[in-house]
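K.L.:
For reference, the structure I am asking about is given below.
The following block contains the structure:
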């Protein structure tokens, strides 16, 4: 059985809206960014997913599992929910363009307590 790499992603801001920060955890390594400007929690979640896809593409991954705790972002990225927010539509479009380079993609929503990226982000001081 071939294991696919898992990319845990999380984003947030404090206050909401406010300065955004994101975390991606994969292969036991945490990737953090905080120089993303101001936005809301949903934008930060989208940026985290897009960063996870960027890391997967840079690694040449052909089968990836992306795991996040944002039910909204996971459902929109998976095509199960329509993106009605004009400020989030560019993120969805950029995600679709980027993820097209990965032949097999699975998205999964988990509780925050199960999201390794959320745990790592919280340890950095994000609530």
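Residue numbers (the numbering used here): 1329 to 1455. C-beta: ideal position from N, C-alpha, C; glycine also.
(1) For residue 1341, count neighbouring Cβ atoms within 10 angstroms of its own Cβ and tell me buried if that reaches 16, exposed if not.
(2) By Cβ distance, which residues of its chain are closer than 7 Å to residue 1440, with the 5 residues on each side in sequence left out?
(3) Am I right that residue 1375 and residue 1348 are in contact with their C-beta atoms under 8 Å? What's the rounded C-beta distance?
(4) So what does residue 1433 bridge to, in DSSP terms?
(5) For residue 1338, I'd like the list of residues in its chain whose CB is within less than 6 Å of its CB, leaving aside the five on either flank, ordered along the chain.
(6) To the nearest whole angstrom, what separates the beta carbons of residue 1335 and residue 1392, a pair I think is in contact under 8 Å?
(7) Buried or exposed for residue 1419, please, with buried defined as at least 16 other CB atoms from any protein chain shown within 10 angstroms of its CB.
P.N.:
Answer, in terms of the structure:
(1) Around the beta carbon of residue 1341, 16 or more other beta carbons sit within 10 angstroms, so the residue counts as buried.
(2) Excluding sequence neighbours, residue 1440 sits near 1397, 1446.
(3) The pair is a contact, with the Cβ atoms about 6 Å apart (cut-off 8 Å).
(4) DSSP, once it has assigned bridges, lists 1392 as partnering residue 1433.
(5) For residue 1338, where only same-chain residues beyond five positions count, the Cβ hits under 6 Å are 1351, 1376, 1443, 1445, 1446, 1449.
(6) Going by Cβ atoms, the distance from residue 1335 to residue 1392 rounds to 6 Å, so yes, they are a contact pair.
(7) Burial call: buried.
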